[in-house]
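The structure appears right after this line, and notes come after that.
Number of protein chains: 2
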Amino acid sequence: MARAVVIGGDAAGATAAVRIKDSVPDAEVVVLEKGSWTSYSACGIPYLVAGDVEQADALVARSPAEHRERGLVVRLHTTATAIDREGRVVHTMDAETGETGSEPYDVLVYATGAHPRTPPVEGLDQFGVPVHTLDEGVALRDRLVARDISHVAVLGAGYIGIELAEALAQRGLSATLIDRGEEVMRTLDADMAALIRERVIELGIDVRLGEEVAGVEREGDRCRAVRTRRVGSGGDGDGAEAEPVRAEVVVIALGSRPRVDLARDAGLAIGPSGAVAVDERMRTDDERIWAVGDCAESRHLLTGRGANVQLGTHANKHGKVAGLDAAAFLTGSGRGEAVFPGVVGSAVTRLCGLEIGRTGLTEREATAAGVDHRAVVVEGTIRSGYMPDAGWARVKLLAEPGTGRVLGGQIVGNGPVAKRIDVVAVWCHVGTTVQEAQMMDLSYAPPFGGAWDLWQVAARKAVGQLGLSPAL
Amino acid sequence: MARAVVIGGDAAGATAAVRIKDSVPDAEVVVLEKGSWTSYSACGIPYLVAGDVEQADALVARSPAEHRERGLVVRLHTTATAIDREGRVVHTMDAETGETGSEPYDVLVYATGAHPRTPPVEGLDQFGVPVHTLDEGVALRDRLVARDISHVAVLGAGYIGIELAEALAQRGLSATLIDRGEEVMRTLDADMAALIRERVIELGIDVRLGEEVAGVEREGDRCRAVRTRRVGSGGDGDGAEAEPVRAEVVVIALGSRPRVDLARDAGLAIGPSGAVAVDERMRTDDERIWAVGDCAESRHLLTGRGANVQLGTHANKHGKVAGLDAAAFLTGSGRGEAVFPGVVGSAVTRLCGLEIGRTGLTEREATAAGVDHRAVVVEGTIRSGYMPDAGWARVKLLAEPGTGRVLGGQIVGNGPVAKRIDVVAVWCHVGTTVQEAQMMDLSYAPPFGGAWDLWQVAARKAVGQLGLSPAL
């Protein structure tokens, strides 16, 4: 009997497992999951911490029991410790009993996810709370309802850090955001991110930029404050200690790195992004091993380079593509029919009453990738200017000089604008130019903007600034 | 000195006039406008009637005075009565004084708009109120605040009719919608439109489908009721009188026909849609005459046929394209640099708390145009299912058997979903297939849906139903 082993039971791994089982019903499909949940929405964790979502299992799309009903073998609290490629065996350990075991495979799906970045600062190992897994989210939520917490420091002012700080503020706690950067939300350009920082501060959240954590101040066996030091552009302030940040809990939201240790130890190729290198069917350089989700590399369609974008959308698609390819391998029917085309970097979020979207390249990313670009910024209303509560939005559009090809977009507004980024995502996918974009039949009615969509106003501006034709 | 004459001072005409003046500053540009406003948002009229917008001039993007400041000659209350192509003269009449005149031209832009369809029913000429121009919108609004109105009949259950009925209900009036069709909103397929009818009825608006106006009942010099008769599929009920609809005012919202009489009298070609035929630079078959806006034909990119879509988005683009081409003609520099690529039929609206979007072809339209298609319908939530107020949305996606090319989409939901139609609009523009669509990097976060965008869920379903590959 064919045997598939999947390391990791969250979105990517579980999707691949289900796809293999559905395609090859008589295969034994074993999912190894180190935690206690499967197929959950990691993106929902901040809403759990905020109390918007009350039950942790509401975030679970498919429980271990449901997966078992569909015929999967699910081993919880089971860590993979090594991959023996020659012997086609995954070595495992039960996290609770310490018991070791082994899982032979014909095909292996590597879906180990990512691990949170934690600064090597004394005390953080004890008092730092990562919020990466559902187990950790539940632990933080339970910790916050304890009476003795009034101040929380959040390390990292990316979207998860801000979401959590907002959640803490919503619970009536004092929150301080600490970030090394000069601006919050490095996934946006600084001019767009500044709009968000203003709102974060308005919510009463303290924002400490250009600082990094230097240590933890204790009071008995408890955390009392976080010490920080200034980082900077080489000026005098570098390394200088700043005012300590009062905090009984330190939340770590510094992003996460693809978890590739097992893969690297087994000699699988790692891509330039630091994630496991795969082909367009998510197969590694071992024909029996696929990598999917946060630990796997995707091709960025605008730079042509490997990229590691840790999002549930990609995890789900990776899982389907890998599952089909692994199933085809098991049945000897060549390669799977689906390929993963790559990513353009789309992301949306809602923070502090603002909606935010981005796709393609930011100016910072384009510069880093050596992609020639021109950016235009347009401000406008969300609804027609004469409507009550017309709202405001700022959009930024990047285009390539010479060709006018759309390279990326960013949008921030105080109403429902985030999903409008998808128009630019499609433009990036198919190679639309600003000249074409400005003439497309995008929808309009007074509750939704002006007769020229904001993206088209930006496209027209880009056409003009780049000296392209037709300039309307 | 070069002389341009523009018949019609609303979005399309005024945009063309401005574009000509900007391109050829020493040209004399004369705008003939039969009403008292220029460059206003006709789409905003229902919000004026509803009282959301209080001042009529809020709907005016650029007043006659502003146009004059930019160097245009604007003649209000001036009707064009004939076009003498040989003599290159437009004959005019002052609507107030009856004085006639003539305007010689080197180039002429025909932007006469559309005129409301009015059934040839005795009494409607006296009591029927069209709501097509801003003047008419103001008149209706002023009429409604009079004390003696309690019941209003609205002829036509398209989006303008429903918007007006909702506006009337909002003002505390009893409104009855009367439509010949079997369902409201013929711009959507009946299964989608049914969702809107349910909400219209919930708002207390009476809906009379399958009926048409047959007459008006008077009480002295006032209207008391509208008589209707049943129309149908040839059954017994045809022509039978139905219960009269009590109404002191009868609003006519039966759509409008392109106003082509002057053009036809002048021998200009009329297209299959009934609008003035133009090339892709909006030029008619007379090299000195362009037609733009509601009176002009556009190419429908999915049927390849001429289409008459009366929307401000197209009017604005038409005006720019024609203005550039007319300016190029005046300066002897060949053709204008811009072309109007055509329309895909995008439209959005908000009715009775629902947001609605459509683009491409509906099933009804595809069938009428002989376009082979398959439709899939998907229902889901607007936000992730575990979020508070997850909302609901229904989407419908049409694709071409064999190729999988996206042919159209419709969306209805009880939250901010209308502008999501633009993704499908772009797909229709560029010829994306459902196989490609399902793998695109569309954005996701819990406040905005699931990890698979609803359009992608629909695309996957279409791939499966059409037997295409890759089936995920």
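Residue numbers (my numbering), protein chains in the order written: chain Z, 52 to 523; chain V, 52 to 523.
Think of the CB as a built atom: it goes at the ideal place given N, C-alpha and C, for glycine as much as any other residue.
Rounded separation between residue i and residue j - CA only
i              : j              : result
residue 581(V) : residue 359(Z) : Shown here, chain V extends from 52 to 523; a query on residue 581(V) therefore has no answer.
residue 376(V) : residue 389(V) : 8 Å
residue 467(Z) : residue 398(Z) : 15 Å
residue 315(V) : residue 378(V) : 24 Å
residue 368(V) : residue 276(V) : 42 Å
residue 516(Z) : residue 383(V) : 26 Å
residue 363(Z) : residue 64(Z)  : 11 Å
residue 148(Z) : residue 187(Z) : 21 Å
residue 130(Z) : residue 66(Z)  : 19 Å
residue 242(Z) : residue 263(Z) : 22 Å
residue 173(Z) : residue 304(Z) : 17 Å
residue 406(Z) : residue 247(Z) : 9 Å
residue 229(V) : residue 338(V) : 44 Å
residue 504(Z) : residue 469(V) : 13 Å
residue 127(V) : residue 428(Z) : 37 Å
residue 88(Z)  : residue 341(Z) : 22 Å
residue 424(Z) : residue 509(V) : 35 Å
residue 180(V) : residue 143(V) : 26 Å
CB contact below 9 Å: residue i versus chain V
i              : result
residue 476(Z) : yes
residue 401(Z) : yes
residue 371(Z) : yes
residue 202(Z) : no
residue 341(Z) : no
residue 243(Z) : no
residue 512(Z) : no
residue 324(Z) : no
residue 333(Z) : no
residue 95(Z)  : yes
Classification of residue i by the beta-carbon crowding that lies within 10 angstroms, buried from 16 upward
i              : result
residue 483(V) : buried
residue 116(V) : exposed
residue 196(V) : exposed
residue 461(V) : buried
residue 135(V) : exposed
residue 201(Z) : exposed
residue 418(Z) : exposed
residue 323(Z) : exposed
residue 507(V) : buried
residue 291(V) : exposed
Closer than 9 Å to chain Z by CB, residue i
i              : result
residue 380(V) : no
residue 443(V) : no
residue 518(V) : no
residue 471(V) : yes
residue 88(V)  : no
residue 31(V)  : Lying before the first or after the last residue shown, residue 31(V) is absent from chain V, which here runs from 52 to 523.
residue 220(V) : no
residue 363(V) : yes
residue 410(V) : yes
residue 354(V) : no
residue 490(V) : yes
residue 103(V) : yes
8 Å contact criterion, which residue i and residue j should meet: CB distance rounded
i              : j              : result
residue 184(Z) : residue 205(Z) : Not confirmed; about 17 Å, so no contact.
residue 93(Z)  : residue 53(Z)  : Their Cβ separation, rounded to whole angstroms, is 30 Å, which puts residue 93(Z) and residue 53(Z) out of contact at 8 Å.
residue 343(Z) : residue 335(Z) : At roughly 10 Å, the Cβ-Cβ gap does not stay under 8 Å, so residue 343(Z) and residue 335(Z) are not in contact.
residue 396(V) : residue 411(V) : 6 Å
residue 209(V) : residue 306(V) : 6 Å
residue 420(Z) : residue 354(Z) : 4 Å
Cutoff 6 Å; reference residue i; Cβ partners in own chain excluding five residues on either side
i              : result
residue 244(Z) : 234, 235 and 236
residue 56(V)  : 81, 141, 154, 156 and 159
residue 170(Z) : 264
residue 20(V)  : Examination of residue 20(V) is not possible in this model, given that chain V is present from 52 through 523 alone.
residue 125(Z) : 82, 115, 118 and 119
Residues near residue i in its chain [Cβ-Cβ closer than 8 Å; skip 5 each side]
i              : result
residue 100(V) : 182, 188, 191, 192, 195, 215, 218 and 219
residue 520(Z) : 486 and 514
Own chain residues within Cβ distance below 7 Å of residue i, not counting five before or after
i              : result
residue 478(V) : 457 and 488
residue 308(V) : 165, 166, 168 and 325
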